[in-house]
Amino acid sequence: MFTAIGKQSQPPPADSGKPGAGDPILLEQFIVHITCEDSPECTDPKWGTKSLAITDSKAEIPRRSPSMRFCPLFFRSDERRTKNHLDALPYKKNSKRRDASWCKPDQKFGAFEVAGTTVLHELTHLHAAAVLAGLHNDDGMVEFTEDIYSEEGFYSDPEAAARKLHNSWKQARDGSLPKNRWPPFEEKLNAESYAASATEWWFMSMCDFDSIIGNLS
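Residue 622 is where the sequence shown starts when you use the numbering used here, and the numbers rise one by one after that.
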């Protein structure tokens, strides 16, 4: 999936010293209609909660491109999950707790969420991303990503739900979780598993962190 998403833009120059830097690549870009218009779809009809963004996971067909809708909540200046970008703060390694830096110690994952985390999450929902990533079931049908945080028994916080999904599959594979309690789908089909891990990788690389604390840890 990361290779598929990576083919949407060029990496940082090889001599930039930034994570992911490298030589130019051949792009295989998705075709998607992006809109920022409000819609009833931006509100969950069951819970009444507001969404940051909504993505159409249907395949592209002639005269119809899948859509990615960024809802009003995404653009609110007080929305913790999207108000920041990767350069909103300096990367001052070995920072103190009160420093203006991304690299302050003992911060939970929520402190590192940026607008790009949501954008990456939504990109994984696209049918074209699943095709490029090779996500297929045993019958050869394309499987696009879903949201485990919408499932019963998982946290409503996407990152916390992704961690629980990861731990549940670890238990399933080592035999400590009964099969009737296995999660409804694999980690490779959970959108936030990609978005959260990429966000963690970036800040761990830039700040020389060994790990990042989970939201509910």
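Cβ atoms here follow ideal geometry from the backbone N, Cα and C, with glycine treated the same way.
Any chance you could list the alpha helix (DSSP H) runs of at least 4 consecutive residues sitting entirely within the stretch 724-796, in chain order?
Complete alpha helix (DSSP H) runs here, min 4: 736-745, 748-754, 779-794.
Considering just the uninterrupted stretch of the alpha helix (DSSP H) at F824, what are its terminal residues?
Looking at the DSSP string, the run of the alpha helix (DSSP H) that includes F824 is 812-828.
Below 8 Å between beta carbons: does that hold for I651 and A750?
Looking at the sequence itself, residue 651 is Phe, so the reference to Ile does not match. Against a cut-off of 8 Å, the Cβ pair of A750 and F651 comes out as a contact.
What three-state label does DSSP hand R802 in the structure shown?
R802 falls in the helix class under three-state DSSP.
Please report the Cβ distance between N858 and V735, rounded to the nearest whole angstrom; I am assuming they are in contact, meaning their Cβ atoms lie under 8 Å.
As displayed, the chain neither begins before 622 nor continues past 838, which places residue 858 out of reach and without an answer.
Going by other Cβ atoms of all chains shown within 10 Å of its Cβ, with 16 needed for buried, is E743 buried or exposed?
Classification for E743: buried.
Return the chain-ordered ranges of every beta strand (DSSP E) run that is complete within the stretch 664-729 and spans a minimum of 3 residues.
Counting whole runs of 3 or more residues, the stretch 664-729 contains the beta strand (DSSP E) stretches 674-676, 688-691.
Taking only three categories from DSSP, how would you classify I834?
DSSP places I834 in strand when its eight states are reduced to three.
Tell whether a beta-carbon distance below 8 Å holds between M827 and I833.
Going by C-beta atoms, M827 is not nearer than 8 Å to I833.
Just tell me which of C724, W723, S789, A754 has its CA closest to the CA of W803.
When only C-alpha atoms are compared, the closest one is S789.
State the Cα-Cα distance for the pair M622 and L837, rounded to the nearest angstrom.
M622 and L837: Cα-Cα distance of roughly 26 Å.
Please state if the CB of E780 and the CB of G835 are separated by a distance shorter than 8 Å.
For G835 and E780, yes; Cβs fall inside 8 Å.
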